[in-house]
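K.L.:
I'd like to ask you about the structure that follows.
Protein chains in written order, with the numbering used here: chain A, 447 to 1070; chain B, 4 to 240.
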């Protein structure tokens, strides 16, 4: 990908908390965390031990770091040794300064209770491990204890994909169709992750975690079809920048998730590996007669049905947040510029951004850590310099809502008449936010109407931006390289021809007038950022909230606020309507303040715990 | 701009409640809803040894429930007993173990890690003492249990046990009959003759004053509590 016009977009006032900056490519390596557990690991009755020397790093602050006694931002046996040697020490003891941090009960004496509390700050669990709804912490704790391995996790997810993805379940009406390709190298990659753990400890919170990425992310070990049969053989020679980050963090790229062809719509219909002129629809695991949303619908369905640990999608006008809401998941649409789009098949680069879709805010934060970074191939990423924390997990504070001010635009919330379920859920959410110590501020204004009414860039930008991808990434053997050739191939989902034809008619002049440096959409996004930031500043609010949608649908133009400002949003389960239809609450923050909205979303999630697991896709019964 | 607040340490209530349960004195603190329990604490001690022999001590925390961490502390007479290094048993696999000694005490500690399940059932603990003096040595035990939520139970009224440590028997020098009158009064005494006329330290090839020095230094050190032995066992096998 070459320099894109969006890099010229100016932003509103940025008041990001000062954090240490990551530099260069290293920033994309998943900086989170290393906790060394080799020396902590004993031999569970049925598992091999994991042996490794301690590593250093930041891990899931503050919970897993705040009691550190030895200065390595983690709790290991060194910390336990130190505290055990000082059992009985009091505030009058000479060694008190070295152990006072671990006086958890604040009674001025180091007791067994303090040591028990310290020992709980280790990522370790030798109890039974359950794959369904497992978080990254669950997986890491079980792997650190030797209860499971990355190979076992990978194998288990592959088995679930085989058993569930293309099957119509009893009680369901159609298959999920959430996965296009599984990685034939996945088990080998997982074995390498296990070897890393054995030799170096838990080098990252993603080490050995199986991840599904939307099939518009380039991967060197699986073709990238963008959901189109016309690109079935697009085996790229490089990974997308974000995929590189995931691999460097030790993740296992398990599979490519289905999507609405070329990420255009919310229904998630794709034609990859299908006969010409036919397509498959992605189903919601909660009600397979309904769509999983889109365009990252395959990621949403797969993660909700526990076919992978964490997923990634891309969002131009709602494609991360819509499937997150439909599937009771957490989705982060980062600031445009936080995650490089290089190697992701574009739709409209003025708005495109890649981000995680996960079962929890914690998983999403962990995943986001691995994919940030400045990438010369996507110049807008230079904006993030100095604005990215060591780890977004630092913000995972259940009390993060206390003392905050949360605003909402009254015209972004449905009335009881418009949608009773969503109205009720939002009122409950307001009560929850208030109960957690936030001041919720209703705002009636027309200041953002233009931003909310600005149309999507997908019409005017798709042809131009697709050509950039084709020139820089599309495999040489792919014959359908232009929209005209794709239309002519007939290898696309039904009834899409007119859409592609319309996009193909866009001239370069039209594109420049829209998305060029002085284009109207470029200006609209810049103005949207300024207006939204000014609104937040004027009302002294930390975030704007609104429903991501309604049950199996969107509401007004709520999905446009984040893409038409470039500002980050996190969508968090808010409640479940009839038919197990999820509805999410979305938090919009200032540019590059993902940390703030992650914290707010986490506190909300911890209080509401609204996500449910789809009953149609339970744990597999072990064979004989 | 809001900055996420630092997480504050949990505040546990101070030890406040006490009572009798199952014949044991239980001091419970922390969340009132539950606390770790043990139906009984047993203590067995080798009843009688000679000085220099080992005293074996075994304890069972019987019928425990919801134990995330436990500490078993033995109190003993440091003039008669010394903890035998590395003799303490380890807790169940998958945790962290530590042993620490002070003046007349040794504490065996075990804790689970992370979010691992708490322990339930019988928890055996054993260790050994070296005998360094003669007499009757009492050994008492107190137990502290902590559950996953930080609730604490202290069990401290288990009846102490004693070990009788007998002094080494006096070695009586063999009776030597009068030798025949020497024709050489200047002859040197036999090399295996007792150096100590009273025979109380009937040593050969060793300077008894050294042993006395070591014993005295060791006793003094124990009495001063300067010997600290810690051992981590759970973790790397």
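Positions of the beta carbon are idealized from the N, C-alpha and C atoms, including for glycine.
1) Tell me, which residues are paired with residue 1016 (chain A) by DSSP?
2) Look at the Cβ atom of residue 3 (chain B), then the Cβ atom of residue 90 (chain B), and state whether they are nearer than 8 Å.
3) Could you tell me whether any Cβ in chain A is nearer than 8 Å to the Cβ of residue 127 (chain B)?
4) Skipping 5 residues on each side, what residues in its chain have a beta carbon closer than 7 Å to that of residue 528 (chain A)?
5) Express the C-alpha separation of residue 955 (chain A) and residue 873 (chain A) in angstroms, rounding to a whole number.
6) Measuring CA to CA, which of A:780, A:815 and A:734 is closest to residue 835 (chain A)?
7) Report the neighbours of residue 153 (chain B) on chain A: residues whose CB is nearer than 8 Å to its CB, in chain order.
8) Can you tell me whether residue 1051 (chain A) is buried or exposed, with buried defined as 16 or more other CB within 10 angstroms of its CB?
9) Confirm the yes/no value for this check: CB of residue 794 (chain A), any heavy atom of the ligand FMN, distance under 7 Å.
10) Report the residue from A:898, A:915, A:730 and A:994 whose alpha carbon sits nearest the alpha carbon of residue 684 (chain A).
11) Helix or strand or just coil, what does DSSP make of residue 687 (chain A)?
12) Please list the partners that residue 568 (chain A) has in chain B, where partner means a Cβ-to-Cβ separation under 7 Å.
13) Between the alpha carbons of residue 783 (chain A) and residue 826 (chain A), how many angstroms are there, rounded?
14) Rounded to whole angstroms, what's the CA-CA distance from residue 813 (chain A) to residue 898 (chain A)? Just pull it up for me.
15) Does residue 895 (chain A) pass the burial test, meaning 16 or more other C-beta atoms within 10 Å, or should it be called exposed?
16) In or out: residue 537 (chain A) buried (at least 16 other Cβ within 10 Å) or exposed?
17) Let me know if residue 719 (chain A) comes out buried or exposed under the rule of 16 or more other beta-carbons within 10 Å of its beta-carbon.
18) What's the gap between the Cα of residue 696 (chain A) and the Cα of residue 650 (chain A)?
19) At a Cβ threshold of 8 Å, is residue 171 (chain B) touching chain A?
20) If you draw a straight line from the C-alpha of residue 520 (chain A) to the C-alpha of residue 831 (chain A), how long is it?
21) Counting pairs of Cβ atoms below 8 Å between the region 1006-1022 of chain A and the region 772-787 of chain A, do you hit three or more?
22) Could you check whether residue 844 (chain A) and residue 1048 (chain A) sit closer than 8 Å to each other, using their CB atoms as the reference points?
23) At least one CB of chain B closer than 8 Å to the CB of residue 494 (chain A): is that the case?
24) Would you call the CB atoms of residue 842 (chain A) and residue 884 (chain A) closer than 8 Å?
25) Identify whether residue 692 (chain A) lies in helix, strand or coil by the three-state DSSP scheme.
26) Using a threshold of 8 Å, state whether the C-beta atoms of residue 628 (chain A) and residue 878 (chain A) are closer than that.
27) Output the distance between the C-alpha atoms of residue 117 (chain B) and residue 643 (chain A), rounded to the nearest integer angstrom.
28) Whether or not the region 902-911 of chain A and the region 958-976 of chain A are in contact is what I'm after, with contact meaning three or more pairs of Cβ atoms, one per stretch, closer than 8 Å; do they touch?
29) Drop a sphere of 10 angstroms on the beta-carbon of residue 57 (chain B), count the other beta-carbons inside from all chains shown, and report buried for 16 or more, exposed for fewer.
30) How many Å lie between residue 926 (chain A) and residue 1044 (chain A) at the Cα?
31) Please list the terminal residues of the continuous alpha helix (DSSP H) segment that includes residue 551 (chain A).
32) Among B:73, B:152 and B:144, which one has its Cα closest to the Cα of residue 159 (chain B)?
33) If the cut is a Cβ gap below 7 Å, which residues of chain A does residue 74 (chain B) touch?
34) Taking Cβ-Cβ distances below 7 Å as the criterion, which residues of the region 525-537 of chain A are in contact with chain B?
35) How big is the Cα-Cα spacing for residue 993 (chain A) and residue 713 (chain A)?
36) For residue 620 (chain A), which residues from the same chain have a beta carbon less than 8 Å from its beta carbon, with the 5 sequence-adjacent residues on both sides left out?
P.N.:
In terms of the structure at hand:
1) A:778 and A:1033
2) The first residue shown for chain B is 4 and the last is 240, placing residue 3 (chain B) beyond what the model contains.
3) no
4) 515, 516, 544 and 545
5) 47 Å
6) A:815
7) 550, 551, 559, 562 and 563
8) buried
9) With respect to the ligand FMN, the structure offers nothing, as it holds no ligand at all.
10) A:915
11) helix
12) 116 and 117
13) 5 Å
14) 29 Å
15) exposed
16) exposed
17) exposed
18) 7 Å
19) no
20) 26 Å
21) yes
22) yes
23) Its pLDDT being 39, under 50, residue 494 (chain A) is placed unreliably by the model, and nothing is read from it.
24) no
25) helix
26) no
27) 18 Å
28) yes
29) exposed
30) 41 Å
31) No alpha helix (DSSP H) contains residue 551 (chain A), which DSSP labels as neither H nor E.
32) B:144
33) 558
34) 526, 527, 530, 531 and 533
35) 19 Å
36) 614, 727, 729, 734 and 735
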